[in-house]
Amino acid sequence: MKKVAILCGGPSSEHEISCISASGVLAGLDRARFEPVLIGITREGSWHLLPLDYPLSIHQGRLPRVTNNYPVATLRDGDIYVDSAPLGVKVVFPVLHGPYGEDGTVQRELEDAHLSYVGSGIESSAIAMDKALSKKYFADAGIRVAPGISFTDTEWEGGKTSLLAQASTLGLPLFVKPS
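In structure tokens form, the structure reads like this:
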């Protein structure tokens, strides 16, 4: 049976949402084919081996978070280790949101440690974090994208009226995303 490390938490502002998402991945994993290993990353960036029954859902109105009360996990030599013992992980499933998890950073760490992982690679992850840049890449590849505008803080400060006029031509609903 192949061991799959599920990463959750992390240093981003979406730490708690990552934990909730990891709960869904754990619930949906085919346990007849895969053995899960739960690795939580604290807001400070330390990795920990968590029990599979670690609370990853909202409980009494409180969002879940990863604490450092569990054994430290490290990446090296194509595996994840706790103390000096390899866990036998064959693939990593990063369920991390925002910076560190989606921007190519954790992907670089996994590749440096020679670990296979699920999802986009380093460069595509970095591009996808920049919404304006990713939209340009999609359009350049011939993929239809929703009409939109993008601008910098400086452009906003110097031309709010013009930018709002451009935005008004887009229609509703209108989504505003940081690039």
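When we follow the numbering used here, the leftmost residue of the sequence shown carries the number 12, and every step to the right adds one. C-beta: ideal position from N, C-alpha, C; glycine also.
Among residues of its own chain, excluding the 5 on either side of residue i, which ones have a beta-carbon nearer than 8 Å to its beta-carbon?
i    : result
P97  : D88, D90 and I91
L67  : C19, C30, I31, A33, S34, L37 and P75
K142 : S161, K188, P189 and S190
Q118 : P105, Y128, G130, S131, G132, I133 and S136
E166 : L174
Less than 7 Å between the C-beta atoms of residue i and residue j, yes or no?
i    : j    : result
V106 : C19  : yes
A38  : V103 : no
L40  : L63  : no
S135 : E113 : no
Roughly how many angstroms lie between the CA atoms of residue i and residue j, to the nearest whole one?
i    : j    : result
V14  : Y128 : Just to set this straight, residue 14 is Lys in the shown sequence, not Val. Between K14 and Y128, the C-alpha separation is close to 12 Å.
P189 : M140 : 9 Å
A124 : T116 : 13 Å
S161 : Y148 : 14 Å
Y65  : L174 : 47 Å
G153 : E27  : 36 Å
V100 : G159 : 42 Å
V77  : E120 : 20 Å
Q177 : E122 : 42 Å
D151 : L144 : 10 Å
T172 : G51  : 46 Å
S95  : L86  : 11 Å
Suppose the cutoff is 6 Å on Cβ atoms and the five residues either side in sequence are ignored; what does the same chain contact list for residue i look like?
i   : result
P82 : L60 and V93
P22 : R54, G56 and Y111
Count the other CB atoms within 10 Å of the CB of residue i; is the residue buried (16 or more) or exposed (fewer)?
i    : result
W58  : buried
L183 : exposed
G170 : exposed
E168 : exposed
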